[in-house]
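A.B. asks: Quick one: this structure, given as structure tokens, is what I'll be asking you about.
Number of protein chains: 2
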Amino acid sequence: MSLRYALLAILRVGPLSGYDLQKQFSQSVGHVWHAPDSQIYPELRKMQNEGLIEGEEQRRGERGMRRVYHVTEAGDRAYREWMATPLDYQRVRDPAHLRAAYLENTTPEAARDFLHGHIAYWESELEAFQGELDHIERMDSAMLNRRLEVTPDGEREATIEYKRFAYEGLAERARGEIDWARRGLKLVDRLASRVDAAAGI
Amino acid sequence: MSLRYALLAILRVGPLSGYDLQKQFSQSVGHVWHAPDSQIYPELRKMQNEGLIEGEEQRRGERGMRRVYHVTEAGDRAYREWMATPLDYQRVRDPAHLRAAYLENTTPEAARDFLHGHIAYWESELEAFQGELDHIERMDSAMLNRRLEVTPDGEREATIEYKRFAYEGLAERARGEIDWARRGLKLVDRLASRVDAAAGI
DNA sequence: GGGGCCATGTAAATCGTTACATGATTAT
DNA sequence: ATAATCATGTAACGATTTACATGGCCCC
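Going line by line, the protein sequences match chains H and F.
For the first sequence, the working numbering assigns the number 999 to the initial residue and increments by one for each residue that follows.
For the second sequence, the working numbering assigns the number 999 to the initial residue and increments by one for each residue that follows.
Structure representation (structure tokens):
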């Protein structure tokens, strides 16, 4: 149940509407924690009911409305408490390694398709992480700058460094997955050629 | 929804009761896909209703009962089809990297606790993966031997190699997480000492 | 006036977790 | 006899996904 803490982390920087929050999610934070709008809006309502955030209704044109949320003191406290609490690691559910462990049950072609898919997936993830790292490097991330504006001087470096730290970890993991899948492709080739040789092809 | 395919992968090797399946889960497959008994029993029932497996009731003593399931042809086909289908990567939900990206929002002590926890978690995972790799190396895994018994000679090598491949991938990832968290600890130290220096301590 | 974006949800279904519940068999 | 372990679930709740649904604003 980290969704609300992800939302609080972003809202603590400054008030946002559900819509804007959702955009931030699909961008930076979304690389780490995906949440669709249909989950964000109700969660914001729940958080408001629990007093963690407060929404302010704003007119937009004639009839348009938007609710801009800001974190209350209780919300800030809840966030800090969560930050100081051990993470609960949820149970593993790793379809890729599950399938990898049983690749002998399918054809070499299907095995290769799977591994190519794994590489493609993690390459696209890596690109996203790398993009975030570039933003951090060049200091042109909208979100980061929004955060730095409200950050006291002494904490700016920490803000930047931890973000870099997080995304570097993600990038390394992506590279690891890609390397692993590449080795898998070689393994498929090796095993397939052996079977061919045994069959006298 | 890979649970049923994980169950099928194990059942394809040979018939098992829900209880035995559940044990296999907590052992080998459980490192990759966790499932509690309260999820396994109902899922088996559902799979039986859909004709993927069949359960045979066996007496056990006077009144005891157990249902031993085996895969039907339809189940085997469903499994093979799944193996030849692209994996659907579920959306990221990574509380550790989420927290890491916002570590400046807490104290150095809490940040260190978090990172130590991360190291401890992945070290214990690594140990489990390493243990599985040892079993594979020494060929003394109950499960692996059960599989090898029903595996034609030509596929034995593949069975072993893919299992090794999967667990090596997991072990590398665990090592990556540990390294990353260790670097995080150094970063916390560096940033904390800088703040101390600025405060003239 | 139309297309793209702003803005906010509801509903249904599935999946997963946690807690509860029960009883039989077997080895010591 | 009693503890371990075999054996099988139900119930309630919460999290997540997917699909559906609606309408206004703003710029061209």
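Glycine included, C-beta positions come from ideal geometry on N, C-alpha and C.
Methionine 1063 of chain F by DSSP, collapsed to three states: which one?
C.D. replies: DSSP, reduced to helix, strand and coil, places methionine 1063 of chain F within a strand of the structure shown.
A.B. asks: How about glutamate 1175 of chain F and histidine 1116 of chain F: are their beta carbons less than 9 Å apart?
C.D. replies: yes
A.B. asks: Determine the chain H residues that contact valine 1090 of chain F at a beta-carbon separation under 7 Å, and present them in chain order.
C.D. replies: His1029, Val1030, Trp1031 and His1032
A.B. asks: From the DSSP output, read off the bridge partner residues of valine 1069 of chain H.
C.D. replies: H/Ile1051
A.B. asks: Pick helix, strand or coil for arginine 1091 of chain F, following the three-state DSSP scheme.
C.D. replies: DSSP, read as helix, strand or coil, puts arginine 1091 of chain F in strand.
A.B. asks: Please name the residue in H/His1095, H/Arg1065, H/Tyr1017 and H/Ala1033 whose C-alpha comes closest to that of serine 1000 of chain H.
C.D. replies: H/Ala1033
A.B. asks: Using a Cβ-Cβ cutoff of 7 Å, what residues of the region 1157–1169 of chain H are near chain F? List them in chain order.
C.D. replies: Listed by position, the residues of the region 1157–1169 of chain H near chain F (Cβ gap below 7 Å) are Thr1157, Glu1159, Tyr1160, Lys1161, Phe1163, Ala1164, Gly1167 and Leu1168.
A.B. asks: Whether or not the region 1081–1094 of chain F and the region 1096–1106 of chain H are in contact is what I'm after, with contact meaning three or more pairs of Cβ atoms, one per stretch, closer than 8 Å; do they touch?
C.D. replies: yes
A.B. asks: Assign methionine 1063 of chain F to one of two classes, buried (16 or more other C-beta atoms within 10 Å of its C-beta) or exposed (fewer than that).
C.D. replies: exposed
A.B. asks: Note down the Cα distance separating glutamate 1052 of chain H from arginine 1002 of chain H, rounded to an integer number of angstroms.
C.D. replies: Approximately 14 Å, taken between the alpha carbons.
A.B. asks: At 7 Å on the CB atoms, spell out the chain H contacts of serine 1000 of chain F, in chain order.
C.D. replies: What serine 1000 of chain F touches in chain H: Pro1093 and Leu1096.
A.B. asks: Alpha carbons only, please: which of H/Asp1132, H/Asn1047 and H/Gly1198 is nearest the one belonging to glycine 1073 of chain H?
C.D. replies: H/Asn1047
A.B. asks: For glutamate 1054 of chain H, count neighbouring Cβ atoms within 10 angstroms of its own Cβ and tell me buried if that reaches 16, exposed if not.
C.D. replies: Exposed is the label assigned to glutamate 1054 of chain H, since fewer than 16 other Cβ atoms lie within 10 Å of its Cβ.
A.B. asks: Against chain F, does arginine 1136 of chain H count as a neighbour if the rule is that its beta carbon must be under 9 Å from one of theirs?
C.D. replies: Arginine 1136 of chain H does not count as touching chain F.
A.B. asks: Nearest to histidine 1029 of chain F by alpha carbon, out of F/Ala1190, F/Lys1161 and F/Trp1178?
C.D. replies: Checked all of F/Ala1190, F/Lys1161 and F/Trp1178; the closest Cα to histidine 1029 of chain F is F/Lys1161.
A.B. asks: What does asparagine 1103 of chain F touch in chain H if you count any residue whose Cβ is under 8 Å from its own?
C.D. replies: Correct list: Ala1007, Arg1010, Tyr1077, Arg1078 and Met1081.
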